[in-house]
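Down below is the structure, laid out as structure tokens.
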Amino acid sequence: MSVVTEENCELAELSFAELEAELAGLAAHIYAGTCRWLELVAEVDRRNKLVGCTCAQWLAWRCGLTPRTAREHVRIARSLGGLPVIRSAFGRGQISFAKVRALTRVADPANEESLLELALELTAAQLERALRAYRRVTTEEAAAVQQAAYLDWYWDDDGSLVVRGRLAPADGAVLLKALEAGHAALRPRGSAEPQSTGAEALAAVAELALSGREQSGGDRHQVVVHVDEAALAGAEGGCELAEGPALAPETARRLACDASVVELKERDGEPLSVGRKTRSIPPALRRALRRRDRGCRFPGCENHRFVDAHHIEHWARGGETSMDNLVLLCRRHHRLLHEGGYLVERLPAGKLRFRYPWGEPLPDAPRPPPGSLDGLFERNGGPPVGTDSYRSGAGDRMDLDLTVKALLAA
Numbered sequence: 000m001s002v003v004t005e006e007n008c009e010l011a012e013l014s015f016a017e018l019e020a021e022l023a024g025l026a027a028h029i030y031a032g033t034c035r036w037l038e039l040v041a042e043v044d045r046r047n048k049l050v051g052c053t054c055a056q057w058l059a060w061r062c063g064l065t066p067r068t069a070r071e072h073v074r075i076a077r078s079l080g081g082l083p084v085i086r087s088a089f090g091r092g093q094i095s096f097a098k099v100r101a102l103t104r105v106a107d108p109a110n111e112e113s114l115l116e117l118a119l120e121l122t123a124a125q126l127e128r129a130l131r132a133y134r135r136v137t138t139e140e141a142a143a144v145q146q147a148a149y150l151d152w153y154w155d156d157d158g159s160l161v162v163r164g165r166l167a168p169a170d171g172a173v174l175l176k177a178l179e180a181g182h183a184a185l186r187p188r189g190s191a192e193p194q195s196t197g198a199e200a201l202a203a204v205a206e207l208a209l210s211g212r213e214q215s216g217g218d219r220h221q222v223v224v225h226v227d228e229a230a231l232a233g234a235e236g237g238c239e240l241a242e243g244p245a246l247a248p249e250t251a252r253r254l255a256c257d258a259s260v261v262e263l264k265e266r267d268g269e270p271l272s273v274g275r276k277t278r279s280i281p282p283a284l285r286r287a288l289r290r291r292d293r294g295c296r297f298p299g300c301e302n303h304r305f306v307d308a309h310h311i312e313h314w315a316r317g318g319e320t321s322m323d324n325l326v327l328l329c330r331r332h333h334r335l336l337h338e339g340g341y342l343v344e345r346l347p348a349g350k351l352r353f354r355y356p357w358g359e360p361l362p363d364a365p366r367p368p369p370g371s372l373d374g375l376f377e378r379n380g381g382p383p384v385g386t387d388s389y390r391s392g393a394g395d396r397m398d399l400d401l402t403v404k405a406l407l408a409a
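Letter 375 of the sequence shown, counting from 1, is numbered 374 in numbering that gives the first Met the number 0, and no numbers are missing.
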């Protein structure tokens, strides 16, 4: 059974030429609008005022993109700032986003005019193929790249672990696949909500490699932290990783929110007694907490994996380990509530209120900023965007060898 609407009747009355003209015109407008959109992305990235996430993570959440797509958009936005000729053609709707994506992988100010000429004559698929071949021709030192590979690390003065390395392409691809798996493990299935930075994804890969399965809280592969009881309660005291650098007391409090705890009594540096290991969150309470919260409770977050139980009033300061004083948070948002200065308070009827470090409540969902597409195309110069703006390419069979030679000559 089909439903005939007024809109369907209107479309059915259009000739093929009219359909083609409107399709081409709308496509050019979409490309010009995408150029403006990427300019806005580049400006957000340049200002670097996002709290607790990267520009790509924020973009994925705010505009409903997958994290991988958002990272690619940020890459292209950054590249376009240094490619005025390509950006101008894109802003006039002459080249598609697919072509711009391919061009920004190899273009620079010296060759962008030549590459743009090629892009105007080739289809998007032909341009992708030509530029892939061009990149292969220019990677003649594969053996040197393999020998130059290295990985080293050290503890920095501020206590952070600094990792530096260089991998050959194939090994780098394996690492990126592992990081993608780490990103996937940290975000809910089907969600565009940004859940992890590259550093967090790498930590997730390490956790999964050590444990062999997803675990949480006191069951995770153990990283030992030595912390004075006074430091946990908010007074002066020492905190350090076993065989590692010092930690901030607030970091120790975050780790102790949901961990295994062993009490060790000392006098003059000598141990007097060692208590039994206990879990700050008993297993039965954790099951009830997971059933109630069903994942991270931070506004807008849908993560239900790698979550910690957070004490609203820390147990070291007298807070109870009870359902009323606990809330599930993902690793990033748990850090925001400790090291980031964010606050949470429980309201009646089981509701929560999260606050920024300066005290303002977080909204459940931000309002879209005011804006308009009026004057979009006038900003890009040249004639208005229309049916003939987009240069689709002739579609003729491409001579790949000749094309690559032309690229190298350019």
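We put the CB at the ideal spot given by N, CA and C, even for glycine.
If you're wondering where the values come from, they're calculated on a predicted model, not measured in any experiment.
DSSP state of residue i mapped onto helix, strand, coil
i, result
"Pro-248", "helix"
"Leu-25", "helix"
"Asp-44", "helix"
"Pro-362", "coil"
"Val-261", "coil"
"His-225", "strand"
"Leu-49", "coil"
"Phe-353", "strand"
"Gly-90", "helix"
"Thr-33", "helix"
"Leu-13", "coil"
"Leu-115", "helix"
Spatial distance of residue i from residue j (CA atoms)
i, j, result
"Thr-402", "Asn-110", "15 Å"
"Val-261", "Arg-165", "40 Å"
"Asp-398", "Tyr-133", "13 Å"
"Leu-119", "Ala-203", "44 Å"
"Glu-12", "Leu-407", "49 Å"
"Lys-404", "Thr-68", "32 Å"
"Gly-340", "Arg-316", "17 Å"
"Arg-345", "Ala-245", "32 Å"
"Glu-127", "Pro-83", "21 Å"
"Glu-235", "Pro-248", "9 Å"
"Gly-81", "Ala-88", "14 Å"
"Pro-282", "Gly-349", "21 Å"
"Arg-285", "Gly-318", "17 Å"
"Ala-23", "Leu-361", "43 Å"
"Ala-97", "Ala-124", "9 Å"
Cβ distance (whole Å) where residue i is taken to contact residue j below 8 Å
i, j, result
"Pro-336", "His-303", "With the sequence shown as reference, residue 336 is identified as Leu, and Pro is not the correct amino acid for it. Going by Cβ atoms, the distance from Leu-336 to His-303 rounds to 18 Å, so no, they are not a contact pair."
"Cys-34", "Arg-86", "7 Å"
"Leu-328", "Phe-297", "6 Å"
"Tyr-153", "Val-161", "6 Å"
"Leu-231", "Ala-255", "6 Å"
"Glu-338", "Thr-250", "6 Å"
"Thr-103", "Leu-79", "7 Å"
"Ile-75", "Leu-37", "6 Å"
Nearest candidate by alpha-carbon position, reference residue i, set the options
i, options, result
"Glu-206", "Cys-62, Ala-177, Ala-229, Val-226", "Ala-177"
"Arg-100", "Ala-251, Arg-70, Ser-113", "Arg-70"
"Arg-290", "Val-306, Ser-279, Gly-299", "Val-306"
"Val-223", "Gly-236, Cys-62, Ala-241, Ala-232", "Ala-241"
"Gly-51", "Ala-348, Arg-354, Arg-334, Pro-347", "Arg-334"
"Arg-473", "Gly-349, Gly-299, Ala-124, Asn-324", "Within the shown structure, residues of the chain are numbered from 0 to 409, placing residue 473 beyond reach of any answer."
"Leu-325", "Arg-253, Pro-360, Lys-98, Arg-74", "Arg-253"
"Leu-175", "Arg-352, Ala-200, Arg-74, Glu-21", "Ala-200"
"Ala-258", "His-313, Arg-293, Asp-292", "His-313"
"Ile-311", "His-72, Phe-15, Glu-42, Arg-352", "Arg-352"
"Glu-42", "Ala-27, Val-73, Leu-22", "Val-73"
"Ala-180", "Asp-157, Ala-208, Asp-155, Arg-163", "Ala-208"
Limits of the unbroken beta strand (DSSP E) element including residue i
i, result
"Glu-344", "342-345"
"Gly-164", "160-165"
"Asp-307", "306-310"
"Leu-327", "325-329"
"Trp-154", "149-154"
"Ala-239", "Note that residue 239 corresponds to Glu in the displayed sequence, not to Ala. Here the beta strand (DSSP E) through Glu-239 covers 238-240."
Enclosing alpha helix (DSSP H) for residue i [first to last residue]
i, result
"Ala-229", "228-231"
"Leu-399", "399-408"
"Val-289", "Position check: residue 289 holds Arg in this sequence, whereas Val was assumed. Per DSSP, Arg-289 belongs to the alpha helix (DSSP H) from 282-292."
"Val-73", "66-79"
"Ala-59", "54-62"
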